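First comes the structure, then the notes that go with it.
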Amino acid sequence: MKLHNFSAGPCILPKSVMQKASEAVLNFDDGLSLLEISHRSKPFVDVMEQARALALELLGLEGKGYKALFLQGGASTQFLMVALNLLEKRAGYLNTGTWSDKAIKEAKIYDDIYEVGSSKSAGFNYIPKGYEIPEDYDYFHCTSNNTIFGTQMKSFPDSPIPMVCDMSSDIFSRQLDFSKFDLIYAGAQKNMGPAGTTLVVVKEDILGKVSRKIPSMMDYKVHISKGSMFNTPPVFAVYVSMLTMQWLKDLGGIKAIEEENEKKARLIYSEIDLNPLFKGYSVKEDRSNMNATFTLENENLKETFDAMWKEAGINGLNGHRSVGGYRASMYNALSLDSVKALVEVMSELESKA
Ligand code: PMP
1 MKLHNFSAGP CILPKSVMQK ASEAVLNFDD GLSLLEISHR SKPFVDVMEQ ARALALELLG
61 LEGKGYKALF LQGGASTQFL MVALNLLEKR AGYLNTGTWS DKAIKEAKIY DDIYEVGSSK
121 SAGFNYIPKG YEIPEDYDYF HCTSNNTIFG TQMKSFPDSP IPMVCDMSSD IFSRQLDFSK
181 FDLIYAGAQK NMGPAGTTLV VVKEDILGKV SRKIPSMMDY KVHISKGSMF NTPPVFAVYV
241 SMLTMQWLKD LGGIKAIEEE NEKKARLIYS EIDLNPLFKG YSVKEDRSNM NATFTLENEN
301 LKETFDAMWK EAGINGLNGH RSVGGYRASM YNALSLDSVK ALVEVMSELE SKA
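If you read the sequence shown in full-length UniProt numbering, its first letter stands for residue 1, the second for the next number, and so on.
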């Protein structure tokens, strides 16, 4: 039986993608594996070009001055790469959780960082609002979805300065006006593919404005000039990301998946709200459609509940080690049926208790 995979990332990927990916490992081009052909060979260059084009197409950013790159080092490397490429004097960061906190820490190595807003003192259970973004800063940085605490920015400011967003845990999950952002980055391992590559979508005209020397591997301009092939790219991660983006496009793109994601989120949150045994972690208006975080009102039921969901074939429901409780991650490839299975277990617990 295939498990209902609620893991926070790496996480569930579409079955058809996994099938094609495994075939490519055995035979991709003329009997050779995807893993043993040159990254400079035409078949792989085509994969990279297709992946870059699909990313821009899905986000509606073709022909608007943006370039897509598939880099290495995870989203965590983007925390410092953003600062190295864009930070001259001062930048503004919205602190909505562990990942924003880490982005701030890295950027501080290079220059001055000002937190325009923070929900740290409330355990990051909401998204700060009504903050001001100073016009004379270099850029504004935010995190669209707070993977650990389960909050999500439902709207974005009209930033007077370039807006940078870490979309690692909700990229390709909902329709947004992506042209509001000047730089978007996302580790692949949630909605895009396996761990090992990070998508960066950057508006070219914001680059080249800092005075520091940037090491080649850290320089977006270098990667752009080499077509995202400055050094050997993570071929398997890029290929599987390309397949996943193709899967999403065939499904009807972000618009189609957003409808599914909303159905899944409505189902789990209505159970959390109606079932007296559970309590949601984050404030209602900022709840994430990707990661639903909740706790048991009565910890004595933990053993019973844990045994029940495991018995039902559910996997990956434990909360992040820093928060505890439960976290149901409902990324694009997770079906509504999996959420139904979880909700059934939750209501069964109520009838037993
Ligand atoms: N940002 C967010 C929002 C994340 O969820 C994560 C990882 N879960 C990261 C950054 C760090 O990503 P990586 O492990 O690829 O460095």
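Glycine residues also receive a C-beta, built at the ideal position from the N, C-alpha and C atoms. Please read these numbers as outputs of a predicted model, since none were measured by experiment.
* **Whole beta strand (DSSP E) elements within the region 59-137, 3-residue minimum** => 66-71, 90-95 and 112-118
* Compare the beta carbon distance of residue 39 and residue 148 with 7 Å and say whether it is the shorter of the two. => no
* To do: Spatial neighbours of residue 340 within its chain, please: CB distance less than 8 Å, with the 5 preceding and 5 following residues excluded, ordered by chain position.
  => 267
* Asked: So residue 280 is in the alpha helix (DSSP H); what residue range does that whole segment cover?
  -> Segment 278-280 is the beta strand (DSSP E) holding residue 280; no alpha helix (DSSP H) there.
* **Neighbour flag for residue 289 against chain D, beta carbons, 7 Å** => The structure shown contains no chain D, having only a single protein chain.
* In the structure shown, what three-state DSSP assignment does residue 337 receive? -> helix
* When you compare only the Cα positions, how much space is there between residue 152 and residue 96? -> 9 Å
* **C-beta contact flag for residue 200 and residue 71 at 7 Å** => yes
* **Pair within 7 Å by beta-carbon distance, residue 143 and residue 177** => no
* **Span of the alpha helix (DSSP H), counted from its first residue to its last, around residue 187** => Where residue 187 is concerned, there is no enclosing alpha helix (DSSP H), although the beta strand (DSSP E) it sits in stretches over 183-187.
* Less than 6 Å between the CB of residue 75 and some heavy atom of ligand 1, yes or no? -> yes
* What is the residue span of the beta strand (DSSP E) that residue 360 lies within? -> Missing from the structure shown is residue 360; the chain here goes from 1 to 353 and no further.
* Asked: What is the rounded straight-line gap between the Cα of residue 322 and the Cα of residue 344?
  -> 27 Å
* Run the CB neighbour count on residue 304, radius 10 Å, all protein chains shown included, and call it buried at 16 or more, exposed below. => exposed
* To do: State the DSSP-derived secondary structure class of residue 315, mapped to helix, strand or coil.
  => strand
* Could I get the ranges of all uninterrupted alpha helix (DSSP H) runs contained in the region 14-63, with 4 residues as the minimum, in chain order? => 15-26 and 42-59
* **For residue 80 and residue 229, the rounded distance between their alpha carbons** => 20 Å
* Per-residue DSSP class, three states only, for residue 166 -> strand
* Asked: Any idea if residue 67 is buried or exposed, counting beta-carbon neighbours within 10 angstroms, 16 or more meaning buried?
  -> buried
* **Closer than 6 Å: residue 151 CB and nearest ligand 1 heavy atom** => no
* To do: Can you have a look at residue 197 and say buried or exposed, based on whether 16 or more other CB atoms are within 10 angstroms of its CB?
  => buried
* Comparing alpha-carbon positions, which option in 174, 83 and 288 lies nearest residue 214? -> 83
* Asked: Does the Cβ of residue 138 have 16 or more other Cβ atoms within 10 Å, making it buried, or fewer, making it exposed?
  -> buried
* **Given residue 58 as reference, the closest of 278, 192 and 222 once Cα atoms are compared** => 192
* **Residue burial classification, residue 86 (beta-carbon count within 10 angstroms, cutoff 16)** => buried
* Asked: Secondary structure at residue 300, three-state DSSP: helix, strand or coil?
  -> helix
* To do: Would you identify the three-state DSSP class for residue 210, choosing helix, strand or coil?
  => coil
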